[in-house]
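See below for the structure under consideration.
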Amino acid sequence: MAENNTLLEKLEGLVSRFEEVSTLITDPNVIADQKRYVKLTKEYKELGDLMAARKEYLQCINGLEEAKMMMSENDPEMKEMAREEAASCEARIPELEEEIKLLLVPADPQDDRNAILEIRGGTGGDEAAIFAGDLFRMYSKYCESKGWKLEVSSANEGAAGGFKEIICSVTGEKVYGTLKYESGVHRVQRVPATETQGRVHTSAASVAVLPEAEPFDVEINEGEIKWDTFRSGGAGGQNVNKVESGVRLRYNWKNPNTGIVEEILIECTETRDQPKNKERALSRLRTFIYDKEHQKYIDDIASKRKTMVSTGDRSAKIRTYNYPQGRITDHRINYTIYNLAAFMDGDIQDCIDHLIVAENAERLKESEL
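When the letters of the sequence shown are read in order and numbered with numbering that gives the first Met the number 0, they come out as residues 0 to 368.
This is the structure we're talking about:
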């Protein structure tokens, strides 16, 4: 029972903090401080999950001891019941221990955030843009299956279809914590629609998943933003080229890690409504700055972990999509499956689950629980 005791000791130490946070989140002064309130409600939820696991864990440990005592009864029926109870507790205790250990490892504080998803066609010309379009469709279907909302904020279409670049925002539950595993270079091997000789080509597209910044995460001097408006291009219709609904934002930002001032340029042409486009461009500006400022934090994680998972190294080749063999390979965890058609239709959860398991194993090793 030594293991139980150390886990229970750790959990015991959190009971008073859970009670303290429960009281704090009802305090009007705390509620008035938006930043602190958001932080505390998140902590309350995480501690609540631990408390629920602790309760079940204690019930199982006590249940097992009671069942062992009942096994010495003379009544055969009672003995059988006790045996069943003991078996079920013995099976559940190690499962709970693993769950609790993972809950005790501090999660990435970004995981609960919404995300900005950027897909860009890489090497391979028209075929790379077509593949970027295929990836966009795959993520759209996946987001739909999760009940998340995906909104395109800007898109630059390829000459033969697909996208040279497409940027969207994804909102829902634990979006960044799930999609962050998709950041990196995705490589495709297939006969392009543009190829007449029937030869297999290799091309690539890069995917970047950034945690969406909250308004109070980043300090922006809105007075210093230069705005331009322009007419949105696009497919026909009454509105095109008559209303200046597209917006362009320029902002000079000093990178705290390097001290260099750089100009950030963001365009948003997504809606026919200029104020909405302005709001979305601002949100992307916040996310861009937040991402840059947190790059150091991401690099620190990267240096500790062997898997390329969630390290933010967007130049690393993470996955190959081989059409002739109907094969998908994720190079970070040597995961290979042969259901390419379903995968491209958004059935990517199994791969993400394997990546989460791999990362959790590393996090546990890191924390030596």
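Using N, Cα and C, we set each Cβ at its ideal position, and we do this for glycine too.
Quick caveat, the model's predicted, so the values are computed rather than measured.
Worksheet item: If we ignore side chains and look at the alpha-carbon of each, how far apart do Ile288 and Ser314 end up?
Response: The residue labelled residue 288 in the question sits at position 289 within the sequence shown. The residue labelled residue 314 in the question sits at position 315 within the sequence shown. Looking at the two C-alpha atoms, the distance is approximately 20 Å.
Practice prompt. Determine the direct distance from the alpha carbon of Gln324 to that of Ile118, and round the result to whole angstroms.
Written response: Taking the first residue of the sequence shown as position 1, residue 118 is located at position 119. Taking the first residue of the sequence shown as position 1, residue 324 is located at position 325. Ile118 and Gln324: Cα-Cα distance of roughly 24 Å.
Worksheet item: Using DSSP with H/G/I as helix, E/B as strand and the rest coil, what is Ser15?
Response: Taking the sequence shown and counting its residues from 1, one reaches residue 15 at position 16. Here Ser15 sits in helix by DSSP.
Worksheet item: Exposed or buried, which one is Lys163 when buried takes at least 16 other CB atoms within 10 Å?
Response: Position 164 of the sequence shown, counted from the start, is the residue given in the question as residue 163. So Lys163 counts as buried.
Worksheet item: Exposed or buried, which one is Ile259 when buried takes at least 16 other CB atoms within 10 Å?
Response: On the sequence shown, residue 259 is found 260 positions in, with the first residue counted as 1. Exposed.
Item to complete: Would you kindly report the start and end of the unbroken alpha helix (DSSP H) that includes Pro274?
Response: Reading the sequence shown from its first residue, position 275 is the one you call residue 274. Element bounds for Pro274: Gln273 to Glu292.
Worksheet item: Beta carbon of Ile129: closer than 7 Å to some heavy atom of the ligand GTP?
Response: Looking for the ligand GTP in the displayed structure turns up nothing, as the structure carries no ligands at all.
Worksheet item: Touch check for the region 158–178 and the region 90–104: three-plus C-beta pairs under 8 Å?
Response: no
Worksheet item: Taking Ala85 as the reference, which of Met69, Ile327 and Glu97 has the closest Cα?
Response: In the sequence shown, the residue the question calls residue 85 occupies position 86. Ranking the options by Cα distance to Ala85, first place goes to Met69.
Discussion item. Assuming Tyr36 and Val20 are in contact, meaning their beta carbons sit under 8 Å apart, how far apart are those beta carbons, in whole angstroms?
Written reply: Here residue 36 is taken as the residue at index 37 of the sequence shown, counted from 1. Here residue 20 is taken as the residue at index 21 of the sequence shown, counted from 1. With 8 Å as the limit, Tyr36 and Val20 do not qualify as a contact, their Cβ atoms being about 11 Å apart.
Worksheet item: Val199 and Val190 look like a contact to me (Cβ under 8 Å); what is the Cβ gap, rounded to whole Å?
Response: In the sequence shown, counting from the first residue as 1, residue 199 sits at position 200. In the sequence shown, counting from the first residue as 1, residue 190 sits at position 191. Indeed, because the Cβ distance is near 6 Å, the residues count as touching under 8 Å.
Discussion item. Which same chain residues end up closer than 6 Å to Gly236 when comparing Cβ atoms and leaving out the 5 residues on each side of it in sequence?
Written reply: As a first step, residue 236 is located in the sequence shown; it is residue number 237 there, counting from the start. At Gly236, the pLDDT of 48 sits below 50, so the modelled position is not reliable and the matter cannot be decided from this model.
Worksheet item: Can you tell me where the beta strand (DSSP E) with Arg326 in it begins and where it stops?
Response: If you number the sequence shown from 1, residue 326 lands on position 327. Unbroken beta strand (DSSP E) run through Arg326: Arg326 to Asp329.
Worksheet item: Can you tell which of Gly161, Glu292 and Asp352 has the C-alpha that lies nearest to the C-alpha of Glu126?
Response: Locating residue 126 in the sequence shown gives position 127, counting from the first residue. Taking only the C-alpha atoms, the option nearest Glu126 is Gly161.
Item to complete: With a cut-off of 8 Å on the beta carbons, I'd call Gly120 and Ala204 a contact; round off their distance for me.
Response: Within the sequence shown, the letter at position 121 stands for residue 120. Within the sequence shown, the letter at position 205 stands for residue 204. Going by Cβ atoms, the distance from Gly120 to Ala204 rounds to 5 Å, so yes, they are a contact pair.
Discussion item. Spatial neighbours of Leu7 within its chain, please: C-beta separation below 7 Å, excluding the five flanking residues on both sides.
Written reply: As a first step, residue 7 must be located in the sequence shown, where it is residue number 8. Cβ neighbours of Leu7 beyond the five flanking positions: none.
Worksheet item: Beta carbon of Glu211, beta carbon of Asn113: below 8 Å?
Response: Counting from 1 along the sequence shown, the entry for residue 211 is found at position 212. Counting from 1 along the sequence shown, the entry for residue 113 is found at position 114. Yes; because the gap between Cβ atoms is below 8 Å, this pair is in contact.
Worksheet item: Do Arg247 and Asp272 have their CB atoms nearer than 8 Å?
Response: Walking along the sequence shown from the start, residue 247 turns up at place 248. Walking along the sequence shown from the start, residue 272 turns up at place 273. No, the pair does not count as a contact, with Cβ atoms beyond the cut-off.
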